[in-house]
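Colleague: Let me give you the structure first, and then I'll get to my questions.
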Amino acid sequence: MNKIISITIMKNGFSLLLVCLLLPFYVLGQKFDSTSITHKFNSYLKNTFQEKIYVHTDKSSYISGEIIWFKIYNVEAYTNRPISYNKVAYVEVFDEQNTAVLQTKVDLSDGSGSLYIPITLATGAYTLRCYTSWMKNFDPSFYFYKDLAIYNFLTKEEVLGTAVRKKYAVQFFPEGGNLVLGLKSKVGFKAVDSEGNTFHFRGCIVNPSGDTIARFSPSGDGIGTFYFRPEQIQDYQVLITPVNEKPFSVQLPKIFERGAVMSTTFGADSILNISVQSTLESEGSYTLFVHTGYHTVFTQTLSSKSIAEGFKVPYKDLGEGISHLTLFNNAQQPLCERLYFKKPLKLASVEVLTDKKNYSSREQVKVSVRETVRGKALKTSFSISVFKVDSIATPYDDISTHLLLSSELKGRIPRVSSYLREYSEEKMDHLMLTHGWRRFKWEDIIQEKKPDLRFFSEPQGHIISGRILEKETNRPLADRNVFLSIPGQRIQFYTAYADKSGEFNFLTKDFSDSPLGVVVQTDPRIDSLARIEIRGPFSSNHSDYTPAKFNFKTSVEDLLQRSVAMQVNNAFNGRLLNNRIPRTIDSTSFYHQPEKIYKLDNYVRFKTMEEVLREYVSEINVAVRKKDYYLSVFDKERNEFHSSSPLILVDGVPVFDDGTTLIKIDPLKVKQLEVVSNGYIYGNNRFSGIASFRTFKGDLGGLALPTHATVIDYEGVQEERAFYSPMYDGDWMTSSRIPDYRTTLFWNGTNETSQEGTATVNFFTSDLTGKYNVVVQSLSEEGYSGSQVAEFEVFSENAAMRNDK
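Just so we're on the same page, the numbering used here is the position in the sequence shown counted from 1, plus 393.
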C-alpha cells in the first residue's frame, strides 16, 4: 500500500525543482527532530567557511599576443558580500587537454590582474579558473570557471580545422531521485553535443515490446521534462532523433522495485503541493529542513500519522536565490531533496550611458554610471571594460548570474545569463532539475564529521609549503627549523618548523619575485643530509568542467584585423603595455628597527670585510681560530659579547658557517650593514643577535649560494600592470602619426560610485572604426550585484560628423 506525504509551499504560481536522494528506510528509534538537524547544520557550516569568486575579464575572445585584463571579486559563498578572508587568488588558463598554459598569483587587496598570452599559444578553446588556497579544501567544482576562445593567426596551423563528426548525449534526472516501479515520476533531461552545445531532437520511450509510451523534445536550451510511470522491472530504451542526423538510443536510469518519488502540483488556492509517494514501510517521524545558504528558514517535525497533512512553508520566509528543501526520516536519513529558486530582488540596477552614440577616431568618450537598488542610490565597486565587437566575440556573462545561479549549480550551463535576464519560471524549473548541486554532504553533517582542512587560508599573504626528507632514505625529518630567503633589495627572510611528517609552511607577506629565485635551507651544522621539497601552490584537483567548443570558422577578415592590431599595438606601445604599478608593501625587515645601521659609503672603503668589521663595527667581534673566522655580537643587555655566532644574512640569505664565508665577500659591493645586538626570537629560533648585510644590487655580491640549499624559480604575487589608455588632450597628440590600434579601449577594475550612486569614466577612441561595447560589473558591500552593457560606434572623422547630424 502506497503512502502519500504532502508538502506545501505558499507561492503564487511558481514551479519548483525536485531532486531526491533515496536511501534505505531504516528506523533506528533514536530521537531526530528539527532542533537536532538545525544544531548539526549550524555546527558544520561554522567550521567550513566557504567563498565564491567571480572574474570579470575585459573580453572573452583573444588573439595570441594580447593581454587578458581581469578583476577578481571574492565573496562569502552564501551572502555574496565581499570579504578579505584571503589575500591571494590563483588564476590559471587550461587548454583542451586540461594542461595549464598560464598561471599567476594575484593580490586580492584590489583583485586586479593580467595575463600576457604568448605569441606561440595555439588556436583553441581554453578555460580560465580561479580559486583561493582555502577553496582547495573543497570540491574543485566550486572554483570559478570561464570559457575563453584564443586565436593564433601567425602560426601555420589551419585555423578552420578539420570537420569532426559530433557526438550527442542525453542525461535524465528523475524528479524524485529514482524511478520506482508503479510510481509516476516527472523526469528532467539535458541534451548536449560533443562541443558542449545544446541540440534539438525528437525523443520517445519504447518498451521491450516496441510500444511507444512517452514522447518528448527539448526547449531551446536543450532541457525539458516529461512524465513516466514504469510498469515493470525492465530496461526501457529511449530513441533520440537529432534534427538532420541519424537516430540513436540511450537507457533510462535504473528502475527500483521499492522506493519513493516526489512530485509537485498547484492547488486552486495558489499553494504548491509537493507529494511524496512511497512504497517503503516506515514508522516514526519526518523532518523537513529548509535552508537558504547558511540560514535555516524553516524546519518542522511531523509524526507518520500526521505527515499526510503536509508541511506549509511561508514563501516570504525563503531567501532569495536557491533554497534547499530536504526531508529526513527519524533514522537521520535524507529521503528527498529539492532545489527552489526564488527570484531575487537584491539585484542592483546599473545604468551606463555614453555622452554620444557616434564618435570619430581619437575622440574623447565620457561614460556615466548610475547604480540604484529599489530606486535608492547605491555605492558600489565596479569594473569596466570597453572593447571592439566583431564576429569572434563569445557569449556575455555577468556577475549576478554567477553569484546567484551558476556558482550554486553543477556543470557548464549554455547561455546561463539568459535565465535571469529573460526570466521564465518554467525555464528556471528545468534548470534546477537538471543541474542540482549542494556545497556539502548530508552524511558529514549528520555524523558531525570534522572536515579535512589540509590547506590554510592566506589572510596575510602567500603560504609556501613543503617537507624535509633524508637524502638517502626519503624518510621525513621531523622537528627541524627551515629557513626561506627571497634575495633582493628588500630583505625577505622567514622561518618555519617541520612537524612530525616533515611538513612545514612559510607565512610570507607581500611576496614578490626575485631574479635569484627562492632559497630554502636548513642549518647544515645540524642537518647536513636533509633534502627539501617545495610543494606547488596551484591546485592539482580538477572538476569535470569542459570548455565550450567555439566556432573557429569565424570571419578571416576579423581575425586578420585583430591580429594586425595586436602586432601594431605591441610594436609601438610594448613598453607602455608592460608598465607595472608598484604595490604598496611593508619594506621593513622582519627585525624591524636595528640598533645600528652602517652605510659603508660614509666611511673610508677597505679592501676586505675583515678590515671593515674591525675598524668601524664595534658591535661585532671578529675572532680567528685555525684560519676559520667567528663573529659575535655585543649584547647590550648583559654588557658582553654573545657566546655564539649571530644570524648572518646577506641580502636575506643566512650564512651558517659562523663568518668564514662572509669575510670573503667584496666590501665594495656591500651597501650597508644592520646590527641587532640583543638576543632575537623569530619563530622557533633564538638568535644571538643579527648581522644583516645588504649589497647594492641585491644579488649577494658574488657570494655563492650554499651547496646544501634548495634554490627554485618560484613566482611571487604579480605586480599589477598599468592599462595603457592614451589621452589625446592636444592637437599634437591627436595628429600624431604613431598608429593607435587598440581593440580594448579602456579597462579599470577598481572604480567606485559615490554616495549618490554615480561615477564618470573618460577615455579616447583609437584609430579602429566599428562597434564597441561598454561592460560594467558591480558589487556593493551589502552583496548587491549588477551589470550592464552599453554600445557606441566609431566612424572615420567625416562619417562621424555626418552621423551626428
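Just so you know, even glycine gets a beta-carbon here, dropped at the ideal spot from N, CA and C. On a predicted model such as this, the values are computed, not experimentally measured, just so you know.
Buried or exposed for serine 1178, going by 16 or more other Cβ atoms inside 10 Å?
Modeller: buried
Colleague: Where do the N-terminal and C-terminal ends of the alpha helix (DSSP H) with lysine 433 fall, by residue?
Modeller: Segment 427-439, the alpha helix (DSSP H) holding lysine 433.
Colleague: If you run the structure through DSSP and keep just helix, strand and coil, what is phenylalanine 546?
Modeller: coil
Colleague: Can you tell me which of the three DSSP states arginine 883 falls into?
Modeller: Coil at arginine 883, not helix or strand.
Colleague: Examine the Cβ distances between the segment 1049-1066 and the segment 992-999 and report whether three or more of them are shorter than 8 Å.
Modeller: yes
Colleague: Roughly how many whole angstroms lie between the Cα atoms of asparagine 971 and glutamine 757?
Modeller: 24 Å
Colleague: Run the CB neighbour count on tyrosine 1134, radius 10 Å, all protein chains shown included, and call it buried at 16 or more, exposed below.
Modeller: buried
Colleague: Would you identify the three-state DSSP class for arginine 868, choosing helix, strand or coil?
Modeller: coil
Colleague: What is the rounded straight-line gap between the Cα of tyrosine 1153 and the Cα of arginine 474?
Modeller: Inspection of the sequence shows that residue 1153 is occupied by threonine rather than by tyrosine. Looking at the two C-alpha atoms, the distance is approximately 24 Å.
Colleague: Is tryptophan 1140 helix, strand or coil by DSSP?
Modeller: strand
Colleague: Please look up how many angstroms separate the CB atoms of glutamate 1108 and aspartate 906, rounded, as I've assumed it's under 8 Å.
Modeller: 6 Å
Colleague: Cα separation between lysine 433 and leucine 718?
Modeller: 16 Å
Colleague: Whose CA, out of Ile785, Glu801 and Glu730, lies closest to the CA of valine 1229?
Modeller: The requested residue 1229 is not part of the displayed model; the chain covers only 394 to 1198.
Colleague: State the Cα-Cα distance for the pair valine 448 and phenylalanine 537, rounded to the nearest angstrom.
Modeller: 7 Å
Colleague: In terms of residue numbering, what span does the alpha helix (DSSP H) encompassing valine 1015 cover?
Modeller: Not the alpha helix (DSSP H): valine 1015 falls in the beta strand (DSSP E), residues 1013-1018.
Colleague: When the Cβ atoms of the segment 432-446 are set against those of the segment 682-689, are three or more pairs found closer than 8 Å?
Modeller: yes
Colleague: Residue range of the beta strand (DSSP E) that histidine 449 falls in?
Modeller: Histidine 449 -> beta strand (DSSP E) spans 444-450.
Colleague: Based on Cα-Cα distance, which residue from Gly859, Ser761, Thr915 and Pro908 lies nearest to serine 894?
Modeller: Gly859
Colleague: For a test of the three-state rule: what should DSSP assign to lysine 843, helix, strand or coil?
Modeller: coil
Colleague: Grab the span of the beta strand (DSSP E) containing phenylalanine 965 for me, first residue to last.
Modeller: No beta strand (DSSP E) contains phenylalanine 965, which is instead part of the alpha helix (DSSP H) from 949-970.
Colleague: Quick one: Cα of lysine 772 to Cα of serine 1180, how far?
Modeller: 14 Å
Colleague: Taking the beta carbon of histidine 935 as the centre, do at least 16 other beta carbons fall within 10 Å, making it buried, or is it exposed?
Modeller: exposed
Colleague: What number of angstroms, rounded off, separates the C-alpha of glutamate 1186 from the C-alpha of tyrosine 1165?
Modeller: Approximately 6 Å, taken between the alpha carbons.
Colleague: Quick check on this structure: which residue in Ser778, Tyr1009, Pro1099 and Ile927 has the alpha carbon closest to the alpha carbon of serine 453?
Modeller: Ser778
Colleague: Quick one: Cα of arginine 998 to Cα of phenylalanine 1089, how far?
Modeller: 15 Å
Colleague: Closest by CA to lysine 709, which one among Phe691, Ala724 and Ser699?
Modeller: Phe691
Colleague: List in chain order: all unbroken alpha helix (DSSP H) runs of 4+ residues lying wholly within the segment 610-652.
Modeller: none
Colleague: With a Cβ-Cβ cutoff of 8 Å, do phenylalanine 983 and proline 1039 count as a contact?
Modeller: no
Colleague: Can you check which of these residues, Ser429, Leu1098 and Ile461, is closest to phenylalanine 1199 by C-alpha distance?
Modeller: The shown model of the chain, from 394 to 1198, leaves out residue 1199, and the question about it has no answer.
Colleague: Determine contact between the segment 580-592 and the segment 604-619, defined as no fewer than three beta-carbon pairs at a distance below 8 Å.
Modeller: yes
Colleague: Would you check if the distance between the CB atom of leucine 632 and the CB atom of proline 640 is smaller than 8 Å?
Modeller: yes
Colleague: Check each candidate in Pro611, Val1010 and Val745 and name the one with the smallest Cα separation from glycine 1203.
Modeller: Coverage of the chain is limited to positions 394 through 1198, which leaves residue 1203 absent and any answer about it impossible.
Colleague: Considering only the beta carbon of each residue, do isoleucine 648 and isoleucine 626 sit closer than 8 Å?
Modeller: Yes, they are a contact pair.
Colleague: Do you know whose CA, among Asp451, Asn962, Trp527 and Ser921, lies nearest serine 505's CA?
Modeller: Asp451
Colleague: Mark glutamine 986 as exposed unless 16 or more other C-beta atoms lie within 10 angstroms of its C-beta, in which case mark it buried.
Modeller: exposed
Colleague: Near tryptophan 336, which residues of its chain fall below 6 Å by C-beta distance, leaving aside the five closest residues on each side in sequence?
Modeller: Summary: the structure shown does not reach residue 336, with the chain confined to residues 394 through 1198, and so no result is reported for it.
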